[in-house]
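The numbering of the sequence shown is UniProt numbering, which starts it at 1 and goes up by one. The C-beta atom is built at its ideal place from N, Cα and C for all residues, glycine as well. Structure first, then comments.
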Amino acid sequence: GLLSLEEFRLLSNDAFQRFLLQRGVKKSQLVRNSRHTWLYQGKGAHRVLQEIKERVTRLTRVPHTLVDLSEPLQVVRYEEGGHYHAHHDSGPVYPETACSHTRLAANTSTPFETSCRYITVLFYLNSVDGGGETAFPVADNRTYDEVCLIQNDVDLMDTRRNCDKSNLRVRPTKGTAVFWYNYLSDGRGWVGVQDEYALHGGCVVTRGTKWIANKWINVDPDYQRQARYQQLVSQPPEEENDEDLTMNTDIQKPSIHQDL
């Protein structure tokens, strides 16, 4: 029989991995071969985690509220043989698509949802003995075409086999970080369309273990939807600050997109 949604939620990661092995699926065939967890960074969190959040705010120069209301810090471990095929951290937003973080606030009945991660800050928590680079297959390409991702049997999405074919590779070095936008500017200081050149992946770890952390800043390209979300989940009025977004459409949208 089929698993119900509740049964699937109760299924542990280890049990799911055993199921895949029983079905003859090798880890090397997975889109992603890693383990991860989430670390809360809000009030009461360890000072180190809160300091990381503060540094991200200073680095990206976006309103503090946007960082506070974004996803927790994701910590990922790649063991030897671990990888993550090329992907986008965010999906394109169409009229029939809602952002995961604002969907409930938007009170929409759209059939699809996607992660709206405006900015990615990827921290390297250790130096890897071999492999594990972050690859950007089409960085600096003059044009982007999905058809061009596979040529002469070379699949640029496959970071296990073709990582060396990527235009840009960043070697994981302890204490460093990579920061990029997943959306372009709309020309008016807000989030525009998806930046297709932000395609990236994790090359296979050939020796040792790779530890990274991801901090995503969630922003809905629909300004009113983002404002409604922040209004619903924001702090009490006496604790709010001047950089909170407002539902007043007469006020000009704050410019959050910084040119690198």
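Buried or exposed for residue i, going by 16 or more other Cβ atoms inside 10 Å?
i, result
"S109", "exposed"
"residue 274", "Here the chain covers residues 1 to 260 and nothing more, so residue 274 does not appear."
"P221", "buried"
"N167", "exposed"
"S70", "buried"
"R47", "exposed"
"S4", "exposed"
"T159", "buried"
"G82", "buried"
"L225", "Residue 225 is actually Arg in this sequence, not Leu. Classification of R225: buried, given that the 10 Å Cβ count is 16 or more."
"T37", "exposed"
"N33", "buried"
"V62", "buried"
"T60", "buried"
"Q41", "buried"
"Q230", "buried"
"V205", "buried"
What's the C-alpha gap between residue i and residue j?
i, j, result
"S127", "N107", "44 Å"
"W180", "T120", "6 Å"
"D155", "T97", "28 Å"
"L39", "P72", "6 Å"
"L260", "L184", "Confidence in L260 is poor, its pLDDT being 42 and thus under 50, which makes the residue's placement unreliable; the coordinate value appears in the next sentence. If you take the alpha carbons of L260 and L184, they lie about 12 Å apart."
"A177", "I52", "12 Å"
"L232", "G192", "23 Å"
"residue 331", "D68", "For the chain, the structure presents residues 1 to 260; residue 331 sits outside this window and is missing."
"T173", "D129", "10 Å"
"A227", "S234", "10 Å"
"T246", "A105", "Per-residue confidence for T246 stands at a pLDDT of 45, beneath the threshold of 50, marking its modelled position as unreliable; no derived number is given."
"K43", "H64", "14 Å"
"G189", "E79", "40 Å"
"G208", "Q50", "29 Å"
"A86", "N152", "18 Å"
"T143", "H101", "31 Å"
"E54", "M157", "33 Å"
"I150", "D186", "30 Å"
"N141", "R161", "21 Å"
"G175", "Q74", "16 Å"
"V31", "C99", "23 Å"
"S165", "Y223", "The amino acid at residue 165 is misidentified as Ser; the sequence shows Lys. If I take the Cα positions, the gap works out to 38 Å."
Is any beta-carbon of chain C found at less than 9 Å from that of residue i?
i, result
"L59", "The displayed structure is made up of one protein chain only, and chain C is not part of it."
Considering only the beta carbon of each residue, do residue i and residue j sit closer than 9 Å?
i, j, result
"N182", "L66", "no"
"F123", "Y94", "no"
"W216", "Y118", "yes"
"V76", "R35", "yes"
"G91", "Q194", "yes"
"C163", "R171", "no"
"S115", "D145", "no"
"A139", "Y84", "no"
"A213", "L125", "yes"
Are there any heavy atoms of the ligand FAD lying less than 8 Å away from the beta-carbon of residue i, as far as the coordinates show?
i, result
"M157", "The model depicted lacks the ligand FAD and carries no ligand whatsoever."
*Can you list the alpha helix (DSSP H) stretches of 4 or more residues lying completely in the region 49-119, in chain order?*
Within the region 49-119, the alpha helix (DSSP H) runs of at least 4 residues that lie entirely inside it are, in chain order, 64-68 and 103-106.
*Pair every Cβ in the region 132-145 with every Cβ in the region 199-208, then say whether three or more of these pairs are closer than 8 Å.*
Yes, the region 132-145 is in contact with the region 199-208.
*asked:* Could you tell me which whole beta strand (DSSP E) segments of length 3 or greater appear in the region 116-150?
replied: Runs of the beta strand (DSSP E) inside the region 116-150: 117-124 and 134-136.
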